[in-house]
Amino acid sequence: MGPGEATGDVDRAFMRRTLELAERGRTRVHPNPMVGAVVVKRDRVAGEGWHEEFGGPHAEPRALAAAAARARGATLYVNLEPCSHRGKTPPCTEAILSAGVARVVYGCRDPNPKAEGGADRLARAGIEVTGGVEEAASKRLNAPFLWMNSGTRESAGSGVFTQLKLAVSLDGGLAEPGRRTRVTGHEAQVWTHSLRGGCDAVVVGGRTATIDDPLLTVRAAAARRQPVRVVLDSSLALRRDSALVRSVDDAPLLVFHGGDAQSRRQALLDVGVRLFQVAPARTGRGLDLDEVWAVLAGEGIHSVLIEGGGRLATSAMNSGLVQRLHLLLAPRFLGEDATPAFTFQSARPIDEWVLADRTALGRDTALTFDHADLRRTLARC
């Protein structure tokens, strides 16, 4: 919460509009947050804007420019506290003060120290400031940004915000045995590409890379850049003619392997694949995920999306790496021989995960669960 108190239905309605606008920046603004802004004069929209791409103008000055002279004496709604520092663009607080806005309503506080208390700066200048309107939705939208800037991260993973996405059948299967299986429909595929576009890296296991032969790129016209592709391949079985290797010039490819794969390194190094040897997992199966995530953090990777398979998903959950879980549930059955989504050896505490969002994607349904660590961190922001 910032200065002022959350108010009524009108404020909430306009704040929900800022969230809709903010979504338009997905795949283009990372690592910046998604932000939308609405200027309202006498209960009518005078101007709208959103942060369109990294390094470009922020949402607030775009909305104020659209409102022009009507911004004077108006209310500005924005889903994230306006910044008060100069980076690639001037401080948003300067634009707000220059426009003569009378009131600012924001969704959630910006925990980044560089933001330098924009709400307090505006309040000291005599602007009425109200914070915490649609706060939960505002935090949920920019959870990766808030997590990375909170300074209070609790779980494993070297501070890397980690999401796990699995497409599963009604009977909990990922795929038919030993073959690539398209479980979900077109709408779910589009949703997945949007999710990828907001991450620094996409991670899969070696078996998934071999059987599915994926590209792991963002195939969306609005995408500003491609995420780093990461394969955890203990035996370095990734083929040189795989889609991942053949597209190494289009998007970086990092492959992590164990110590018994030295003879296969050179063929991949020759075509531009980056290789990292790491220790085996303490369980004796797979790789040490804590070491992998530490390397990713050292490479400047701050947000990761794991896309399978089941063994990697289970290991990541057991290691406490995952802050957000997406299950794309498809209305079909794969049968008892299907590859299972998870292979836990014992029950998990039921209060670790809470359903945060449910989205219909054609015939499929996306269920998003947030871990207790993430919920505690967002509550402090």
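Counting from 1 along the sequence shown, just add 808 to a position and that's the residue number in the working numbering.
All C-beta atoms in this analysis are idealised placements derived from N, C-alpha and C, irrespective of residue type, glycine included.
Please read these numbers as outputs of a predicted model, since none were measured by experiment.
With 16 or more neighbouring CB atoms inside 10 Å of its own CB, Glu856 falls in the buried class. Note on Ser1042: 16 or more other CB atoms within 10 angstroms of its CB, so buried under the neighbour-count rule. CA-CA distance, Pro1060 to Glu1107, rounds to 12 Å. A contact between stretches requires three or more CB pairs, one per stretch, nearer than 8 Å, and the stretch 904-911 meets this requirement with the stretch 921-938. Shortest Cα-Cα distance from Glu1144 to any of Gly1117, Asn1126, Gly980, Ala1028 involves Gly980.
Taking a contact as a CB-CB distance under 8 Å, the pair Leu1120 and Gly1013 counts as one, their CB atoms being some 4 Å apart. The criterion of a C-beta distance shorter than 8 Å is satisfied by Leu972 and Ile1114. At a cut-off of 3 residues, the continuous stretches assigned as beta strand (DSSP E) that sit fully inside the stretch 1072-1131 are 1082-1085, 1111-1114. Exposed is the label assigned to Thr1151, since fewer than 16 other Cβ atoms lie within 10 Å of its Cβ. Look at Ser906 here: in three-state DSSP terms it is helix. Sequence-distant partners of Ala1075 (beyond 5 residues in either direction) whose C-beta falls short of 6 Å from its own C-beta, in its chain, are Arg1048. Around the beta carbon of Pro1035, a 10 Å sphere encloses 16 or more other beta carbons of the protein chains shown; the residue is thus reported as buried.
For Gln1131, the closest alpha carbon among the candidates Ser1111, Phe1141, Leu1142 is that of Ser1111.
Judged by DSSP in its simplified three-state form, Asp1049 adopts coil rather than helix or strand.
The C-alpha of Val1038 lies about 35 Å from the C-alpha of Val886. Taken through DSSP and simplified to helix, strand or coil, Val837 comes out as coil.
Per DSSP, Asn957 is one residue of the alpha helix (DSSP H) stretching across 951-957. Contact check between the stretch 989-1004 and the stretch 1083-1100: fewer than three CB pairs, one atom from each, fall below 8 Å, which does not count as touching. Secondary structure of Arg1166 (DSSP, three-state): strand.
Under a 10 Å Cβ-count criterion, Ser1123 is classified as buried, with 16 or more other Cβ atoms of the shown protein chains found around its own Cβ. With respect to the 8 Å criterion, Ala1028 and Gly1005 are classified as neighbours on the basis of their beta carbons. Cβ atoms of Leu1137 and Thr1173 come within 8 Å of each other, at about 5 Å. At a Cβ-Cβ threshold of 8 Å, Ala951 and Leu1175 do not count as neighbours.
Taken in chain order, the unbroken stretches of alpha helix (DSSP H) that lie wholly in the stretch 874-952 and span 4 residues or more are 900-907, 926-932, 943-949. Under the three-state reduction of DSSP, Glu856 is assigned to strand.
Counting along the chain, no beta strand (DSSP E) covers Gly1005; the unbroken alpha helix (DSSP H) around it starts and ends at 994-1005.
Cβ contact annotation for Ala975 (same chain, cutoff 6 Å, sequence separation greater than five): Val991, Thr992, Leu1136, in chain order. The beta-carbon separation of Glu860 and Arg836, rounded to 6 Å, stays under the 8 Å limit for a contact.
Where Gly863 is concerned, there is no enclosing beta strand (DSSP E), because DSSP gives it neither an H nor an E.
In this structure, the CA atom of Gly1080 is about 18 Å from the CA atom of Asp1021.
Beta-carbon to beta-carbon, Ala1180 and Asp1159 are separated by about 7 Å, close enough to satisfy the 8 Å threshold.
If you ignore the 5 residues before and after Val1162, its C-beta comes within less than 7 Å of the C-beta of Phe1177, Asp1178, Arg1183, all in its own chain and listed in chain order.
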